[in-house]
Each structure stands twice: as C-alpha cells, then as structure tokens.
C-alpha cells in the first residue's frame, strides 16, 4: 500500500490554523457561512448502518449497503487512501450537496480563481445554498465574465472532516455512485495545492479505470452491459476530441489581432458549430443542455479522464496501481509542487 498524504506548502497544523485565521479575517462572511453549513452537514448525518436500517427505499438501501465494499475495493485494488470518510449518510432533497460557480473572461480561456488555505488557488467556489451561488454568478456576469454554475453531488474536505454519502450521490444510480466515490477518494489520496486541473484530471482518470475494474470485480460486466459501456465510452471519446478541437480554435481566435467585438463574434460562431457537432454525438438532449461558454469549456477540460500525461504514466506502470502512484508521486516531486 502506497500512502500519499495531501500535499501542501503549509507544513504543520499551527501554520494551517494561522492561515485559516487570516482568511477568516479577510473572507469572514463566506467562510463563516460555509463553516456553519459544514457544521450542519456534520450534525445532520447518521451512520451508514443506521441509514441502511431505517431506509425504506429499496434502491437507496441497496446503494448504501454497497458503499463499504466500494471503499474496500478502492483501498485494496486501486491503492487509495483509507480513512473514515463515507461511513455516514446525509439525506437531502437538494439537487446537490454544494452549488459550484466557475468563471472565465469572455475572450480568454483562463479560469477565474479563488485562494483558500490548504488547497491554495482553485478555479471554483462552492456554496451550500444555491441562492448564494446565484448571487456570486450574477456578480461575476455583471463584471463581464462567462460563468457556469452546477450542482455537485459530493465534494472532498481532504480528510479534515468525515465526508458523508449524500442523497445526490445516489440519485444517478449504481455506476455513478461507484465513479463518484472513487473520484472523491482520489482527492484524499493525493491533492496538490494550487493545481486544480491536475487534481481533477487525476481523479477523473482513476475514476474511469477504477469504476470499470470494480464492475468487473463484481461480475457485472455482462456482454450487454459491456457493449453499452463501450458505446458510451466511444461517444465520450468523440466528445473529448471535439473539446480539444474547439479549445484550439477558440484559443486561436482569442490570440489574434482582432478587436474584442470581432473576437466575440468569432467565439459565438465557434460555439454554435460546436453545439451542432455535439448534438450529432448525443442526439435528443435539450439544446440548453449544451449551452457553451468559456467557463464551461474550461470545466469540461478540467475533468477530462484522457490526460496524455496520466495515460503515459499508466503505460509506464504496466497497468499496476502501486507502481502508477509511485510514478505520479515522482512526477509531482519533479514539478516542485
């Protein structure tokens, strides 16, 4: 078992607490409000055993009962860090456990970032209440940014609190639960301060491979299921190719000597073309589902599982998870992160 702790430039808990104290002073309204939300989350969750015992919905009961086995597999087979996360359940009727805002300038593919202790600079800001997220999104839009707001079924506190299973994690079914759980467990295994894209691509990469391994381990990859998942993966691959293609086209449009107005017109035309191409891959989905702007493009690229770097390290590891994590750790050291 390779144990990889959360990486941070804050060397010890005293410095962490000092950093938190400073930020509480500088961003007291936001952090105190989110702190209150975290306390409520903590107080309102119940043990997994108790939740399973009392749950009346058979499907939810079945999914909750699966959680310990998913965790056990992720630790034993994927070499993820063992901790006390996901040993409790938080029931909610909200669309997400957090509502997350991302932003980008209108003629740049560059994330708007926020800084927090421990995690450093991040390209998103989360809220427990949707109205607070909408308020920030509106403020950023008024300042001239592209924005994207989404409901997150889960998030990681990087081991500082015991993160619970949440109702939104269960609503998308078995496959999504396995994928989300593995994704979040990666964050408590290795998280590099200030490197949001790397952290999410790493989690997405392990999620993608680990979920398929778990389904195979459980004997759930029947021929029909395997064909269905391969078709979904093929669509996803085509989609990610489009993301790469249009990211390059947009960057070319923004980097030119055109006026801002001309760049905006070029941007609009490119996103219209992208939407048409995406609708060919995923026909029948509502047009508003594919509302593209710079913030959402960055979000798609941030969570892509097809990282050339990570695929290269995976091949170098000969598809061995222990070796893979050593290579990832070595890469992070060489970057000086």
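Residue numbers (the working numbering): 946 to 1282. Every residue gets a Cβ at the ideal spot worked out from N, C-alpha and C, and that includes glycine.
With 16 other CB atoms within 10 Å as the buried threshold, where does residue i fall?
i	result
residue 1068	buried
residue 1243	buried
residue 1176	exposed
residue 1234	exposed
residue 1024	buried
residue 1080	exposed
residue 986	buried
residue 1280	exposed
residue 1264	exposed
residue 1201	exposed
residue 980	exposed
residue 1022	exposed
residue 1125	buried
residue 1172	exposed
residue 990	buried
residue 1115	buried
residue 1229	exposed
Below 8 Å on the Cβ atoms is my contact criterion, and I expect residue i with residue j to pass it. Report the Cβ-Cβ distance as a whole number of Å.
i	j	result
residue 1337	residue 1199	Since the first and last residues shown for the chain are 946 and 1282, residue 1337 lies out of range.
residue 1019	residue 1240	Wrong, their Cβ atoms sit about 31 Å apart, outside the cutoff.
residue 1085	residue 1196	That pair is no contact at about 21 Å.
residue 1147	residue 1273	7 Å
residue 1270	residue 1137	Incorrect: roughly 14 Å between the Cβ atoms, too far for contact.
residue 1219	residue 1191	5 Å
With distances taken between CB atoms, is the gap from residue i to residue j smaller than 8 Å?
i	j	result
residue 1071	residue 1097	yes
residue 1046	residue 1082	yes
residue 1251	residue 1185	yes
residue 1104	residue 1133	yes
residue 1043	residue 1073	yes
residue 1031	residue 1145	no
residue 997	residue 1009	yes
Taking 8 Å as the threshold, find out whether the stretch 1029 to 1044 comes into contact with the stretch 1098 to 1112 through three or more Cβ pairs.
-> yes
List in chain order: all unbroken beta strand (DSSP E) runs of 3+ residues lying wholly within the stretch 1032 to 1060.
-> 1033 to 1035, 1043 to 1050
Whole runs of the beta strand (DSSP E) within the stretch 968 to 1026, excluding any shorter than 3 residues | Taking 3 residues as the shortest admissible run, the stretch 968 to 1026 contains no complete beta strand (DSSP E) segment at all.
Kindly confirm or deny that the stretch 1148 to 1162 and the stretch 1247 to 1260 touch, where touching means at least three C-beta pairs closer than 8 Å.
-> Result yes; three or more Cβ-Cβ pairs closer than 8 Å.
Is it a yes or a no for the stretch 1002 to 1015 touching the stretch 1087 to 1102, going by three-plus beta-carbon pairs under 8 Å?
-> no
Scan the stretch 1078 to 1128 and note each continuous beta strand (DSSP E) run of 3 residues or more that stays entirely inside, going in chain order.
-> The qualifying runs are 1090 to 1097.
Inside the stretch 1155 to 1224 only - beta strand (DSSP E) runs reaching at least 3 residues | none
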